[in-house]
Amino acid sequence: MLFHSLLSFRRDFKAHDTDIVLASVPKSGTTWMKALVFSIVSRNHFPIDHSPLLVNSPHDLVLSFECDYYLKPGYIPKLENLPQPRVFATHLPHHALASSLIDSKCKFVYTRRNPLDQFISQWHFLLKNRLWPGAKMSSLDEAFNMFCDGVLGFGPFCDHLLGYWNASLENPDRVLFLKYEDVKRDPYSEIKKIAEFVGLPFSEEEEKAGLVGEIAKFCSFDKLKNLEINKTGIHYGPIKNDSFYRKGDVGEWVNHLTPEMADRMRKLLEAELTGSGLIL
Ligand code: A3P
């Protein structure tokens with residue numbers, strides 16, 4: 001199903017230089033980034049207390065190439081009239097993107113997260129939404145093996161990271177590499193960084209009026225999780241909106257994984273990332 005949408009996306013999508021693409025491995029904080037970037041780019045259209053995020057899931061305001069726009073076989077989405085700048089999301093690895101995006105001057109905001117937390121998040125998400133293809137894979141050990149072997153989600157996660165990381169080194173003005181943990185620790189600075197990167201920096205007046213802090217608070221885990229739309233709505237098929245908000249913690253993997261599993265991951269990261277300059 002996704003293979004079909006990948007082909008349509010690569011064939012039909014026409015990028016604009018002003019496009020913003022939010023890229024990530026699933027469970028790295030995509031929902032959060034969608035809410036943040038939507039709030040940043042639409043801040044002149046909606047005061048925060050009238051934000052469309054109050055009644056729409058972030059996933060319905062920022063749609064994904066492969067999981068939304070190009071999902072329906074034979075359907076070519078009309079994207080020319082979307083509000084500017086257009087904001088899209090993708091879990092596709094960098095090498096699978098439409099060449100139109102690569103050749104344009106559009107901006108990528110890539111979010112990455114500690115892979116152990118990301119794996120545990122994904123594990124819960126797939127279990128909660130009954131998305132495991134077979135009962136066998138509902139064993140945590142089995143799932144961890146799959147994750148380490150790169151057969152879970154959108155391919156080997158180190159390749160995913162390195163694709164965008166290398167692109168960010170080549171074109172730092174086009175790819176912003178963010179850490180989930182940094183956004184948790186200091187949302188204020190990260191929101192300002194994103195706004196500057198996408199060419200919509202906060203003015204002195206906006207900063208003085210406390211707009212950055214308002215966006216941080218509005219998009220916080222507790223606020224979004226407790227909105228009615230995110231507590232009750234359906235995302236797609238069996239996937240419920242509330243499954244995108246579990247704990248939102250850093251380092252929560254320690255409650256689920258053994259030191260041996262963590263060690264395996266450490267060695268894997270060392271083997272795959274050494275020399276890249278990317279430190280997780
Ligand atoms: P946990 O399962 O560890 O709680 P994605 O959006 O890429 O699917 O990632 C989901 C993860 O991001 C989940 O992690 C979820 O709880 C967390 N998350 C969702 N919204 C968040 C927010 N506003 N702030 C921090 N974390 C958030």
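So that you can map any letter, position 70 of the sequence shown is 70 in the UniProt record's numbering, and since no number is skipped, the others follow by simple counting. C-beta atoms are modelled at their ideal positions from N, C-alpha and C, and glycine is treated no differently.
- The alpha-carbon separation between A23 and K192 amounts to approximately 19 Å.
- Exposure of Q84 is indicated by the presence of fewer than 16 other C-beta atoms within 10 angstroms of its C-beta.
- Taking the Cα positions, G233 is about 7 Å away from D242.
- Beta-bridge pairing by DSSP links V87 to I20.
- Taking the Cα positions, E181 is about 36 Å away from K78.
- Inter-residue distance for V87 and K184 is about 22 Å (C-alpha atoms, whole angstroms).
- By the Cβ neighbour-count rule, I194 is buried, with 16 or more other Cβ atoms within 10 Å of its own.
- CA-CA distance, D17 to R174, rounds to 10 Å.
- Taken atom to atom, the span from the alpha-carbon of E270 to that of L278 is near 10 Å.
- Straight-line spacing of the CA atoms in G155 and L63 works out to 21 Å.
- Here R266 carries a helix assignment [DSSP, helix/strand/coil].
- For I102, the three-state secondary structure derived from DSSP is helix.
- In the structure shown, H235 falls within a strand segment according to DSSP collapsed to helix, strand and coil.
- According to the DSSP assignment, K223 belongs to the alpha helix (DSSP H) that extends over 221-225.
- Per the DSSP secondary-structure output, V109 pairs in a beta bridge with L22, L176.
- Separation of L211 and M265 (C-alpha to C-alpha, rounded to the nearest whole angstrom) is 39 Å.
- Between G213 and K34, the alpha-carbon positions lie close to 17 Å from each other.
- Residue environment: S189 is assigned as exposed (fewer than 16 neighbouring CB atoms within 10 Å of its CB, all protein chains considered).
- Straight-line measurement puts the Cα of E207 at about 13 Å from the Cα of L200.
- Here A96 is not near W123, since their CB atoms are 8 Å or more apart.
- With 16 or more other CB atoms across the displayed protein chains lying within 10 angstroms of its CB, N114 is buried.
- The closest heavy atom of the ligand A3P lies less than 7 Å from the beta carbon of D117.
- Per the coordinates, the alpha-carbon of L6 lies some 22 Å from the alpha-carbon of N166.
- In this structure, Y164 has its beta carbon at no less than 7 Å from each heavy atom of the ligand A3P.
- Where N114 is concerned, there is no enclosing alpha helix (DSSP H), because DSSP gives it neither an H nor an E.
- Taking the Cα positions, F9 is about 30 Å away from L224.
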